[in-house]
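So the sequence shown is residues 265 to 344, counted in the working numbering.
Every residue, glycine too, gets a C-beta built ideally from N, C-alpha and C.
To keep things clear, I will list the structure first and then write my remarks on it.
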Amino acid sequence: MKKQPLAQKAPFLLPKKIYPCYTDNMTEDLKQQLKKKLEATKVEVEAELKKIADKDPEVAGDYDTRFPDMGSMQSSDENA
265 MKKQPLAQKA PFLLPKKIYP CYTDNMTEDL KQQLKKKLEA TKVEVEAELK KIADKDPEVA
325 GDYDTRFPDM GSMQSSDENA
């Protein structure tokens, strides 16, 4: 059986073989508490992001920033 590179499995997860001190010492209760905090933070961040951007319908998890209309690129002398 061919082994998958670590990056293809899940690049955001800590491999248990390399970092056992980070995963073995957590109780299920602590894991659930941390998960709830992360989910609450995600909701807050997405709410802030919605103020300045819209979800990109073509790319999952991506946003398109809305830029205010500052007028044309004329110099201030031309606007006077």
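- Residue range of the unbroken alpha helix (DSSP H) whose run includes D293: Within the sequence shown, residue 293 is the residue found at index 29, counting from 1. Element bounds for D293: 292-314.
- Message: Spatial neighbours of E308 within its chain, please: C-beta separation below 7 Å, excluding the five flanking residues on both sides.
- Response: As a position in the sequence shown, residue 308 is number 44, starting the count at 1. If we look at E308 and ignore the five residues flanking it on each side, it has no Cβ neighbours.
- Task: Could you have a look at D333 and say whether DSSP puts it in helix, strand or coil?
- Result: Residue mapping note: residue 333 aligns to position 69 of the sequence shown, counting from 1. Coil at D333, not helix or strand.
- Item | Cα-Cα separation, G325 to N289 | As a first step, residue 325 is located in the sequence shown; it is residue number 61 there, counting from the start. As a first step, residue 289 is located in the sequence shown; it is residue number 25 there, counting from the start. If I take the Cα positions, the gap works out to 32 Å.
- Query: On the three-state DSSP scale, how would you describe D320?
  - Reply: Locating residue 320 in the sequence shown gives position 56, counting from the first residue. The answer is coil: DSSP assigns D320 none of H, G, I, E or B.
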